[in-house]
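Asks:
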Amino acid sequence: MDGNGEPEQERSPLGVDNSAAEGDGDRGRYSTLMRCASQSSLDESSQRAAAAAAVAAGGGVHSTAHAAALLSTLAGLRRDGTLADVRLQATAAAEAEAAGGVWAHRAVLAAASPYFLAMFTQFDERTRPVVTIQNVEPEALEAIIEYIYMPESLVITEDNVQALLSAASLLQVAGVRAAACGFLAAALAPDNALGIRAFADLHACRQLALAAARYVHDHFVEVLETEEFLALSADVLAQLLDSDRITVPNEEVVLDAVVRWMQLKIKTIQ
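Here is the structure:
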């Protein structure tokens with residue numbers, strides 16, 4: 054009651070006026086706010102209790118469950134289009150005037166990639182609702198955005214590994230890049246080692262390039278019998294033969310391979 058003897062209007066702890074004059078709609082909104090606040094309070098109490106227990110045990114607070122739950126919630130927000138503020142599309146989709154693309158949150162992308170951090174803080178794309186990514190396949194772009202929100206969603210196959218590695222190198226998403234390099238390293242064989250080495254050099258994947266080079270040196274006799282060997286340029290062939298690490302039973306094996314390579318080049322010229 055105020056100084057004039059009139060009853061004061063009841064207010065909630067959130068400062069929301071509960072007077073009947075606000076109407077049923079405001080009362081419903083107030084009830085919703087209170088339920089959300091109560092649930093948040095319970096969640097925060099649980100988190101504080103868990104944090105206190107961790108500190109009491111003699112360590113800091115390290116919660117993988119919290120990180121996983123946060124990512125899951127962010128993925129759900131993106132899936133529903135909630136708070137998503139940018140739509141990404143690959144060049145091919147843009148040229149085809151496709152209405153698709155991948156919705157995402159600028160802040161999440163910036164946290165996951167130095168490329169996106171620079172894009173959304175230093176360039177015009179920071180305010181554009183639709184951003185076109187050059188030199189990336191649409192499927193690879195979508196897979197990488199999915200990975201940022203849900204790492205377990207990444208599926209690498211022989212059909213998509215090169216596109217994923219190219220896109221991850223451009224977008225600077227280290228997890229996808231490392232996974233693609235690991236896939237290619239495990240897939241090394243006589244008929245693909247030279248190609249994987251060249252692909253690794255192209256994208257500055259040093260460890261993969263070294264692994265492929267070692268494989269070529271250790272399996273040189275088998276590599277000599279492949280189509281990739283016959284397709285080598287003269288410069289790459291000379292560099293390869295100049296190595297003192299190649300393993301062959303005798304020099305005649307190498308000579309025979311070089312003769313076959315020369316014969317093929319002559320036919321190609323004719």
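Residue 54 is where the sequence shown starts when you use this note's numbering, and the numbers rise one by one after that. For each residue, glycine too, the CB sits at the ideal point set by N, CA and C.
Relative to the C-alpha of N303, which candidate in S296, V274, A137 has its C-alpha closest?
Replies: Along the sequence shown, read from residue 1 onward, the residue named residue 303 stands at position 250. Ranking S296, V274, A137 by Cα distance to N303 puts V274 first.
Asks: Have a look at R250 and I299 and give me their C-alpha separation to the nearest angstrom.
Replies: Your numbering for residue 250 matches position 197 in the sequence shown. Your numbering for residue 299 matches position 246 in the sequence shown. Going by the C-alpha atoms only, they are around 15 Å apart.
Asks: Starting from the C-beta of A277, find all residues in its chain whose C-beta is less than 6 Å away, skip the five residues before and the five after it, and write them out in chain order.
Replies: As a first step, residue 277 is located in the sequence shown; it is residue number 224 there, counting from the start. As written in the sequence, residue 277 is Leu, which differs from the Ala given in the question. Only A310 meet the Cβ criterion.
Asks: Roughly how many angstroms lie between the CA atoms of V269 and D297, to the nearest whole one?
Replies: As a first step, residue 269 is located in the sequence shown; it is residue number 216 there, counting from the start. As a first step, residue 297 is located in the sequence shown; it is residue number 244 there, counting from the start. Computed Cα separation, rounded: 12 Å.
Asks: Could you give the first and the last residue of the continuous alpha helix (DSSP H) run that contains T321?
Replies: By 1-based counting over the sequence shown, the position of residue 321 is 268. T321 -> alpha helix (DSSP H) spans 304–322.
Asks: One question on the structure: do A163 and T180 come within less than 9 Å of each other, judged by their Cβ atoms?
Replies: The count along the sequence shown starts at 1 and reaches residue 163 at position 110. The count along the sequence shown starts at 1 and reaches residue 180 at position 127. Not in contact: A163 and T180 (Cβ atoms no closer than 9 Å).
Asks: What does a CB cutoff of less than 7 Å around Q215 pick up in its chain, not counting 5 residues either side in sequence?
Replies: On the sequence shown, position 162 is the one that residue 215 refers to. Closer than 7 Å at the Cβ level, and outside the excluded window around Q215, lie F252.
Asks: Counting along the chain, where does the alpha helix (DSSP H) carrying A221 start and finish?
Replies: Reading the sequence shown from its first residue, position 168 is the one you call residue 221. Taken as a continuous stretch (DSSP letters only), the alpha helix (DSSP H) holding A221 covers 214–224.
Asks: One question on the structure: do G229 and A221 come within less than 9 Å of each other, judged by their Cβ atoms?
Replies: Sequence index remark: in the sequence shown, residue 229 carries index 176 (1-based). Sequence index remark: in the sequence shown, residue 221 carries index 168 (1-based). Contrary to the premise, residue 229 reads as Val rather than Gly in this sequence. Yes. Within cutoff.
Asks: Kindly list the residues whose CB is nearer than 7 Å to the CB of V139, restricted to its own chain and excluding five residues on each side of it in sequence; keep chain order.
Replies: Locating residue 139 in the sequence shown gives position 86, counting from the first residue. Once the five neighbours on either side are set aside, the close Cβ partners of V139 are A157, R159, P182, V184.
Asks: How far does the alpha helix (DSSP H) with L293 in it reach, from first residue to last?
Replies: What you label residue 293 is simply residue 240 of the sequence shown in a count that begins at 1. It spans 287–294 - the alpha helix (DSSP H) in which L293 sits, taken as one unbroken run.
Asks: Please confirm whether Y202 and L124 have their CB atoms less than 9 Å apart.
Replies: Working through the sequence shown from its first residue, we reach residue 202 at position 149. Working through the sequence shown from its first residue, we reach residue 124 at position 71. A contact, by the Cβ cut-off of 9 Å.
Asks: Please classify M315 as buried or exposed, where buried requires at least 16 other C-beta atoms within 10 Å of its C-beta.
Replies: As a working note, residue 315 is residue 262 in the sequence shown. Classification for M315: exposed.
Asks: Just verifying my parser: in three-state terms, what is the DSSP assignment at Y268?
Replies: Reading the sequence shown from its first residue, position 215 is the one you call residue 268. Helix at Y268.
Asks: Could you check the C-alpha separation between A90 and A233 for me, to the nearest Å?
Replies: Taking the first residue of the sequence shown as position 1, residue 90 is located at position 37. Taking the first residue of the sequence shown as position 1, residue 233 is located at position 180. Bear in mind that the predicted position of A90 carries a pLDDT of just 44, short of 50, making it unreliable; the figure below should be weighed with that in mind. Between A90 and A233, the C-alpha separation is close to 44 Å.
Asks: For A193 and A257, I'd like the C-alpha separation in whole angstroms.
Replies: Within the sequence shown, residue 193 is the residue found at index 140, counting from 1. Within the sequence shown, residue 257 is the residue found at index 204, counting from 1. So the two alpha carbons sit approximately 19 Å from each other.
Asks: With L285 and L261 assumed to form a contact (beta carbons below 8 Å), what rounded beta-carbon distance in angstroms separates them?
Replies: Counted from its first residue, the sequence shown places residue 285 at position 232. Counted from its first residue, the sequence shown places residue 261 at position 208. In fact, because the Cβ distance is near 19 Å, the residues do not count as touching under 8 Å.
Asks: Assign Q142 to one of three DSSP states: helix, strand, or coil.
Replies: Here residue 142 refers to the residue found at position 89 of the sequence shown. DSSP places Q142 in strand when its eight states are reduced to three.
Asks: Given a threshold of 16 other Cβ atoms within 10 Å of its Cβ, counted over all protein chains shown, does F176 qualify as buried or as exposed?
Replies: Counting from 1 along the sequence shown, the entry for residue 176 is found at position 123. The residue in question, F176, is exposed, as its Cβ has fewer than 16 Cβ neighbours within 10 Å.
Asks: So I186 and L141 are in contact, right, with Cβ under 8 Å, and what is the actual spacing, rounded?
Replies: Position 133 of the sequence shown, counting from 1, holds the residue named residue 186. Position 88 of the sequence shown, counting from 1, holds the residue named residue 141. That belief holds up - the Cβ atoms of I186 and L141 are roughly 6 Å apart, short of 8 Å.
Asks: Alpha helix (DSSP H) containing A121: first to last residue?
Replies: Here residue 121 is taken as the residue at index 68 of the sequence shown, counted from 1. Where A121 is concerned, the enclosing alpha helix (DSSP H) stretches over 117–133.
Asks: Looking only at its chain, what residues have a beta carbon closer than 7 Å to the beta carbon of L170, apart from the 5 residues adjacent to it on each side?
Replies: Taking the sequence shown and counting its residues from 1, the one referred to as residue 170 is at position 117. Cβ within range, chain order: A163.
Asks: Could you check what DSSP says for V276 in three-state terms: helix, strand or coil?
Replies: As a position in the sequence shown, residue 276 is number 223, starting the count at 1. The answer is helix: DSSP assigns V276 an H, G or I state.
Asks: Between the C-alpha atoms of L317 and E280, what's the straight-line distance to the nearest angstrom?
Replies: Start at 1 with the first residue of the sequence shown, and residue 317 comes out as number 264. Start at 1 with the first residue of the sequence shown, and residue 280 comes out as number 227. The straight-line gap from Cα to Cα measures roughly 11 Å.
Asks: Going by the CB atoms, is the gap between I197 and L217 shorter than 9 Å?
Replies: For the purposes of this step, residue 217 is taken as residue 164 along the sequence shown, with counting starting at 1. For the purposes of this step, residue 197 is taken as residue 144 along the sequence shown, with counting starting at 1. Yes, Cβ-Cβ distance for L217 and I197 is below 9 Å.
Asks: Buried or exposed: which applies to A155, given that a residue is buried once 16 or more other Cβ atoms fall within 10 Å of its Cβ?
Replies: Numbered from 1 along the sequence shown, position 102 holds the residue referred to as residue 155. It is worth fixing the name first, because residue 155 is Val in this sequence and not Ala. It is buried - the Cβ of V155 has at least 16 other Cβ atoms within 10 Å.
Asks: Closer than 7 Å by C-beta to S206: which residues in its own chain qualify, once you throw out the five before and the five after it? Chain order, please.
Replies: Residue numbering aside, residue 206 sits at position 153 when the sequence shown is read from its first letter. Excluding positions up to five away in sequence, the list reads E199, Y200.
Asks: Please state whether DSSP places I186 in a helix, a strand or coil.
Replies: In the sequence shown, residue 186 corresponds to position 133, counting from 1. In the structure shown, I186 sits in a strand (DSSP, three-state: E or B).
Asks: Give every residue of the same chain whose Cβ lies closer than 7 Å to the Cβ of A266, excluding the five residues on either side of it in the sequence, and list them in chain order.
Replies: Looking up residue 266 in the sequence shown gives position 213. For A266, where only same-chain residues beyond five positions count, the Cβ hits under 7 Å are R250.
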